[in-house]
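Right, one structure below, let's go through it.
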Amino acid sequence: MFVGGFATFALVYSTQPLLPLLAGEFGVSAASASLTVSATTAGLALMLIPGSVLADRLGRQQVMKLSLAIAAVLALATAFAPDFLSLLVLRALLGAVIAGLPAAAMAYIGEEVAPNAQARAMGLYIAGNALGGMSGRFVTALLTDLGSWRTALAVIAVFGLLSAVVFWRRLPDSRHFQPRAATPARILRDTVAIYRDPGLPWLFLVAFLAMGAFVGLYNFLGFRLLASPYLLGQSAIGAIFLLYLLGTWASALSGRLAERHGRQKTMWRMVAIMGTGLALTLGQPLWLIIAGVGVFTFGFFAAHALASGWVGRRAGERRALASALYLSSYYLGASVIGSLTGTAWTAGHWPGLAALLGACVLGTGSVALWLRRLPT
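Structure (structure tokens):
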């Protein structure tokens, strides 16, 4: 599952460090270039619920394996996109296809891992997401400096194919999966029950706001650091994504903190760390900006690991659909807020962008404080 999460984020976010370069090559605006990320996350958001339905019907393993393999092939095709529209279409299809893996992953962990170890297992899976996102972005930026963005995307795609082979051969068989009829009536009943839960809809809102802020920050960090007075190169900007290592550590650590102190007490503190990091990025020294991004990254991945594991615990037998709804909110936030930050960047550069992201973090913190009232 670590390998699956690693490959998913490496493929989905491989174009993020290339946004300034793609804007220049195809003659599009910064906001339009960010659609190469937003189109992928939108495809993910739209197909997560159908993916969870298929996983309920056909089995978690089959859906996850096929999703990763087909997505890797589509990723390879993006390296040969003849124009910007073709690139966007292929990226959207990649997101739609790979949705099957995250749609089933949380349910698979919830079914196959003992309850007292689920927080740690989910933390490890999210750590794979963080490490994959970091590696995909850093390697893409480095290879672009050495060759071209097409070569970089092709290498990431080949890595995705190798990951699919490992995932296909090594994923343990499901022992506790029970197929469920994928009828519209059953899906509607389960959806209504999920949204009547006192905690789950609020956790979905946490996913929307936190992920939107996270993607918005990283989408336009490169534009800021390429400009004066920093004038960083593509490889140097890609190296900043090594801060995802903090996210890998935070995801694993959050599981242990949740077991010791409870999710209610831990989550709002992680959101407060996000806000602290965002405030630091308003400074001008490069070291302070990088420190702020690192603190923000730590807080985000810890909060995400806590929220996603909490969804699996609360949803019971509906965990596949609840996980899909959580992740739909997660990636919808990446698409909607990630695109809105383009407007904020155009209007007010980094202070304008930070104001929008600050509102998202403040909203996330308010929800996290409200969730403290839920019973353990």
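Numbered as in the numbering used here, the sequence shown ends at 408 without a single skipped number.
Where is the CB? At the ideal position from N, CA and C, for every residue including glycine.
Buried versus exposed, by CB contacts within 10 Å (16 or more), residue i
{"i": "Lys97", "result": "buried"}
{"i": "Phe328", "result": "buried"}
{"i": "Glu143", "result": "buried"}
{"i": "Asn251", "result": "buried"}
{"i": "Ala189", "result": "buried"}
{"i": "Gly160", "result": "buried"}
{"i": "His336", "result": "buried"}
{"i": "Asp205", "result": "exposed"}
{"i": "Phe112", "result": "exposed"}
{"i": "Val224", "result": "exposed"}
{"i": "Trp382", "result": "buried"}
{"i": "Leu237", "result": "buried"}
Inter-residue CB distance, residue i and residue j (contact presumed, cutoff 8 Å)
{"i": "Leu353", "j": "Ser46", "result": "With 8 Å as the limit, Leu353 and Ser46 do not qualify as a contact, their Cβ atoms being about 29 Å apart."}
{"i": "Val399", "j": "Trp234", "result": "5 Å"}
{"i": "Met299", "j": "Leu338", "result": "5 Å"}
{"i": "Phe170", "j": "Gly270", "result": "5 Å"}
{"i": "Ile130", "j": "Thr40", "result": "6 Å"}
{"i": "Leu357", "j": "Ile81", "result": "7 Å"}
{"i": "Thr68", "j": "Val44", "result": "The Cβ separation is near 11 Å, so there is no contact."}
{"i": "Phe330", "j": "Leu278", "result": "4 Å"}
{"i": "Gly244", "j": "Gly127", "result": "Going by Cβ atoms, the distance from Gly244 to Gly127 rounds to 16 Å, so no, they are not a contact pair."}
{"i": "Ala162", "j": "Thr280", "result": "4 Å"}
Range covered by the alpha helix (DSSP H) that runs through residue i
{"i": "Thr396", "result": "351-403"}
{"i": "Asp88", "result": "67-90"}
{"i": "Gly37", "result": "34-44"}
{"i": "Gly142", "result": "132-144"}
{"i": "Ala55", "result": "51-58"}
Under the three-state DSSP convention, the category residue i falls into
{"i": "Leu314", "result": "coil"}
{"i": "Ala107", "result": "helix"}
{"i": "Leu338", "result": "helix"}
{"i": "Pro407", "result": "coil"}
{"i": "Ser61", "result": "coil"}
{"i": "Gly307", "result": "helix"}
{"i": "Pro147", "result": "helix"}
{"i": "Ala153", "result": "helix"}
{"i": "Phe333", "result": "helix"}
{"i": "Thr47", "result": "coil"}
{"i": "Ala124", "result": "helix"}
Interface flag, residue i vs chain D, CB-CB below 8 Å
{"i": "Met243", "result": "Of the protein chains in the structure, only one exists, and it is not chain D."}
Report task. Give, in chain order, every unbroken run of the beta strand (DSSP E) that is at least 3 residues long and sits entirely within the segment 162-244. Result -> none
Report task. For the segment 249-286, list the alpha helix (DSSP H) runs that are entirely contained and at least 4 residues long, ordered along the chain. Result -> 266-272
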